[in-house]
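Visitor: Those protein sequences? They're chains A and B, same order as listed.
Using this note's numbering, the first residue of the first sequence is number 518, and each one after it goes up by one.
Using this note's numbering, the first residue of the second sequence is number -7, and each one after it goes up by one.
Beta carbons: idealized from backbone N, C-alpha and C, even for Gly.
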Amino acid sequence: MDAAANVSETRSAAEPRWWARPRGGGLLLLAAVIALLPLVLANNYFYEVAILVALNATVCVGLNLLIGYAGQISLGHAGFFALGGYGSAILATRYALPPWLSLPLACAAVALLALLIGRPTLRLKGHTLAMATLGLGIIVSIVINTEDGLTGGPDGMAVPPLVLFGWTVAGERSWYWITGAVLLVTVWLAFNLIESPSGRALRALHGSEVAAQTLGIDNGRTKLQVFVLSALVAAVAGALMAHYAGFITPAKASFMHSVELVIMVVFGGMASVFGAVVGAAVLTMLPQALTVLKDYEMMVFGGVLIATMVFFPQGVVPTLAQWWTRRQT
Amino acid sequence: MGSNWLQFVASGVTSGAIYALVALGFSIIYNASGAINFAQGEFVMIGGMSAVMLLALGLPLLVALPLAVLVAVIVALLVEKLAIEPARHAGTVTLIIITIGVAMFLRGLAQLLWGKGVHRLPAFSSEQPIEWLGATILPQSLWVMGGAALAVVALSWFYGRTLLGKAMRATSHNRIAAQLVGINTRGVLLASFGLAAGLGALGGVLIAPIAFTSYDSGIMLGLKGFAAAMLGGLGSFTGAVLGGLVLGLLEGLGAGFVSSAYKDAIAFVVILAVLFLMPGGLLGGRGSERV
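#1: What is the rounded straight-line gap between the Cα of Glu526(A) and the Cα of Ala220(B)?
#2: Taking Phe218(B) as the reference, give the member of Val5(B), Ala2(B), Leu(-2)(B), Ala27(B) with the closest Cα.
#3: Report the rounded CA-to-CA distance for Gly785(A) versus Val570(A), giving the unit in angstroms.
#4: Name the residues in the region 254 to 268 of chain B whose C-beta lies less than 7 Å from a C-beta of chain A; which are they?
#5: Indicate whether Leu608(A) and Leu614(A) have their beta-carbon atoms separated by less than 8 Å.
#6: For His165(B), count neighbouring C-beta atoms within 10 Å of its own C-beta (all shown protein chains included) and say buried if the count is 16 or more, exposed if not.
#7: So with Cβ pairs under 8 Å, would you call Phe818(A) a contact of chain B?
#8: Verify the CB distance criterion: does Thr205(B) have a CB-CB separation below 8 Å to chain A?
#9: Which residues mark the beginning and the end of the alpha helix (DSSP H) in which Ile823(A) is found?
#10: Nearest CA to the CA of Gly179(B): which residue from Leu198(B), Ala200(B), Leu155(B)?
#11: Closest by CA to Leu629(A), which one among Leu749(A), Ala548(A), Thr739(A)?
#12: Ala127(B) by DSSP, collapsed to three states: which one?
#13: According to the neighbour-count rule (16 or more other Cβ atoms, all chains shown, within 10 Å of its Cβ), is Leu646(A) buried or exposed?
#14: Looking at the structure shown, is Leu681(A) part of a helix, part of a strand, or coil, going by DSSP?
#15: Short check: CB of Ala189(B) to CB of Phe35(B), under 8 Å?
#16: Could you tell me whether the Cβ atoms of Thr86(B) and Pro830(A) are closer together than 8 Å?
#17: Exposed or buried, what is Tyr562(A) when buried is set at 16 or more other beta-carbons lying within 10 Å of its beta-carbon?
#18: Are the C-beta atoms of Gln103(B) and some chain A residue less than 8 Å apart?
#19: Looking only at C-alpha atoms, which of Met816(A), Leu620(A), Leu633(A), Ala649(A) sits nearest to Ile590(A)?
#20: Return no unless some Cβ of chain A is closer than 8 Å to the Cβ of Phe218(B).
#21: Whose Cβ in chain B lies nearer than 8 Å to the Cβ of Pro830(A)?
#22: Can you list the residues of chain B that Ile734(A) reaches, using a CB-CB cut of under 8 Å?
#23: Whose C-alpha, out of Gly688(A), Val627(A), Asn662(A), Met816(A), is nearest the C-alpha of Gly100(B)?
#24: Applying the criterion that 16 or more other CB atoms from any shown protein chain within 10 Å of the CB defines a buried residue, is Ala520(A) buried or exposed?
#25: According to the Cβ coordinates, are Lys255(B) and Val14(B) closer than 8 Å?
#26: Under 8 Å by Cβ, that's how I've got Ile199(B) and Ile10(B) pegged, so tell me the actual separation to the nearest angstrom.
#27: Quick one: list the residues of chain A neighbouring Ala75(B), beta-carbon separation under 8 Å, in chain order.
#28: Got a sec? Which residues, its chain only, sit under 6 Å from Leu553(A) by beta carbon, not counting five neighbours each side?
#29: Whose C-beta lies closer than 8 Å to the C-beta of Leu582(A) among residues of the same chain, with five residues either side of it excluded?
Set out below in structure tokens:
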């Protein structure tokens, strides 16, 4: 009895209070940032960047579940992102569906596609998995570029605005609140997933697939679930991006976009939800800030990436967090 | 029909030879570090662009071409010293992201030095196409095939007969064991970068008269080289050459007989099918996993 009380006591001492945990205080902090940010967003351009950050962060939180927690790399997530956008655009313009219907339909279709191709793909490991997802992304990109009757080809296509309950979502401010809310919900769902038995299964899988299997975890199923989930999140963000911008081009499906997404996740820190958010925020804003450097932009971006990964090999957020806890003790 | 076949095969083997050289670079660096070097395509670009620049400076072709390869090798050695070496204890994914950063840096540097334009290197010999069994072949294609074949022979001699080559092979099999017998594995990593860049730059120099070159031409060549290396079996040199040639042929025949817009897609569908059935690639080991 005493021993049991002792255990529960030590546990409560070891575990931080709810507000010091990422899921409690971290989520509250994110909500506060989203709520207060408009105070410093001076004009529409800043809103535009903020919306871009929110959408990229949403994709990265989903992708981080796959890369950071399940340990499965994907170099093809831009494909899912673009398919969400193109799917909703095509259903809305070529088949005259209202966007509030075309958006969820397109995202569901992408999730179904991810389910079908995920089964054989996720049996692969390491570099072979990277190659397979890269190939899938490139095939999507080539199809979008070539089927110009449906997608407008390399020129891209116009996307009708989103209409919800008779309200046409227009203007940077409305989109800011929508994308901010989507990010917040995604982060909240990600924390719920990570702290659930499925999340522990994911981390066990990352540690050792064989050990996870001996503990009764269905590796294939767990990987497939998180793959489909991350594809779905990417598709939702892609569809929102398309309806927000009113236009979509094949660049959204390019290999470089897939790479950018992975860079954001690794830069911020794998297996850290807020790492994905920070990585997306920094790497979305950096090119905007670097445009003043014009010709030096790409060089400086590459240099920043190299330096960050050399000095923060685990990503910015986990390395800073470790440094912080070491200072505390 | 028959001459068409030959035509498509010839163009397929030409690009396949370049893919093979790039794929060899991927396998060499993978063997030394376990990471994929996504800057490999940039070394190809640096080879081609440096050759254009050195020729424009008035150097004769015979001097400019080896110098261009040397430029790429020096850049690669610097990259290894400044970006890869300081992070060698980091995980594979971190190393891969660093090589992506290197690729962006080099692409940005190339854009700054040589502009965004497309450059063309003059053909090494005559520009007059050769008629052969009804197919027309550019003399430069023969340079590409011959140059690549020579490089592969030289590479197998290097790995089979020289001390450094043997040390590199030993390191790829078991790094710790190699260290125990006194091999400087850090030196091996440096040499691997130089060698991989040299092969890539050679490919860039050979193909520049046919496919032209620009600051961003390394992206697609790097991707194809990676695909070829995976198709043949990452880490296997015979596999890299085979993968490059098969990929080139798939593209050549796919463009000729199916659809030129979908030639890349056809190639990737076949690669995916192969990887689903043989995850180790055509010549890769079945590879049991260490627990």
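Guide: Taking the geometry as given:
#1: Position 9 of the first sequence, counted from the start, is the residue given in the question as residue 526(A). Position 228 of the second sequence, counted from the start, is the residue given in the question as residue 220(B). In this predicted model, Glu526(A) has a pLDDT of only 44, less than 50, meaning its place in the structure is not dependable enough to derive any value.
#2: Reading the second sequence from its first residue, position 226 is the one you call residue 218(B). For the residues Val5(B), Ala2(B), Leu(-2)(B), Ala27(B), the minimum Cα distance to Phe218(B) belongs to Ala27(B).
#3: Translated into positions along the first sequence, residue 785(A) becomes position 268. Translated into positions along the first sequence, residue 570(A) becomes position 53. Computed Cα separation, rounded: 13 Å.
#4: Tyr254, Asp256, Ala257, Phe260, Val261, Ile263, Leu264, Leu267, Phe268
#5: Residue numbering aside, residue 608(A) sits at position 91 when the first sequence is read from its first letter. Residue numbering aside, residue 614(A) sits at position 97 when the first sequence is read from its first letter. Result yes, Cβ atoms of Leu608(A) and Leu614(A) sit closer than 8 Å.
#6: Taking the second sequence and counting its residues from 1, one reaches residue 165(B) at position 173. It counts as exposed.
#7: Stepping through the first sequence from its first residue, residue 818(A) is reached at position 301. Yes, its Cβ sits closer than 8 Å to a Cβ of chain B.
#8: Taking the first residue of the second sequence as 1, we reach residue 205(B) at position 213. Cβ-Cβ to chain A under 8 Å: no for Thr205(B).
#9: In the first sequence, the residue the question calls residue 823(A) occupies position 306. First-last of the alpha helix (DSSP H) with Ile823(A): 814 to 828.
#10: Taking the second sequence and counting its residues from 1, the one referred to as residue 179(B) is at position 187. Minimum Cα distance to Gly179(B) is reached at Leu155(B).
#11: Locating residue 629(A) in the first sequence gives position 112, where the first residue counts as 1. Taking only the C-alpha atoms, the option nearest Leu629(A) is Leu749(A).
#12: Position 135 of the second sequence holds residue 127(B). Three-state result, Ala127(B): strand.
#13: The residue given as residue 646(A) occupies position 129 in the first sequence. That one is buried.
#14: Start at 1 with the first residue of the first sequence, and residue 681(A) comes out as number 164. Note: Leu681(A) maps to strand in three-state DSSP.
#15: Counting from one through the second sequence, the residue named residue 189(B) turns up at place 197. Counting from one through the second sequence, the residue named residue 35(B) turns up at place 43. Their beta carbons are under 8 Å apart, which means Ala189(B) touches Phe35(B) by this criterion.
#16: Translated into positions along the second sequence, residue 86(B) becomes position 94. Translated into positions along the first sequence, residue 830(A) becomes position 313. The answer is yes: Cβ separation under 8 Å.
#17: Reading the first sequence from its first residue, position 45 is the one you call residue 562(A). With fewer than 16 Cβ atoms within 10 Å of its Cβ, Tyr562(A) is classed as exposed.
#18: The residue labelled residue 103(B) in the question sits at position 111 within the second sequence. Interface residue, yes.
#19: Within the first sequence, numbered from 1, the residue matching residue 590(A) stands at position 73. When only C-alpha atoms are compared, the closest one is Ala649(A).
#20: Taking the second sequence and counting its residues from 1, the one referred to as residue 218(B) is at position 226. Output row for Phe218(B): interface = yes.
#21: On the first sequence, position 313 is the one that residue 830(A) refers to. Near Pro830(A) (Cβ distances below 8 Å), the residues of chain B are Ala79, His81, Ala82, Gly83, Thr86.
#22: On the first sequence, position 217 is the one that residue 734(A) refers to. What Ile734(A) touches in chain B: nothing, since even the nearest Cβ is about 15 Å away.
#23: Counting from 1 along the second sequence, the entry for residue 100(B) is found at position 108. Checked all of Gly688(A), Val627(A), Asn662(A), Met816(A); the closest Cα to Gly100(B) is Met816(A).
#24: One-based indexing of the first sequence puts residue 520(A) at position 3. The predicted position of Ala520(A) is uncertain, since its pLDDT is 45 and thus under 50; a value taken from the coordinates is nonetheless stated next. Result: exposed.
#25: Sequence index remark: in the second sequence, residue 255(B) carries index 263 (1-based). Sequence index remark: in the second sequence, residue 14(B) carries index 22 (1-based). Not closer than 8 Å, so no.
#26: Locating residue 199(B) in the second sequence gives position 207, where the first residue counts as 1. Locating residue 10(B) in the second sequence gives position 18, where the first residue counts as 1. At roughly 5 Å, the Cβ-Cβ gap stays under 8 Å, so Ile199(B) and Ile10(B) are in contact.
#27: Within the second sequence, numbered from 1, the residue matching residue 75(B) stands at position 83. The contacting residues are Ile823, Val827.
#28: Counting from 1 along the first sequence, the entry for residue 553(A) is found at position 36. Closer than 6 Å at the Cβ level, and outside the excluded window around Leu553(A), lies no residue.
#29: Along the first sequence, one-based indexing puts residue 582(A) at 65. Within the same chain, Leu582(A) has close Cβ partners Ala707, Leu710, Ile711, Leu719, Val743, Leu746, Ser747.
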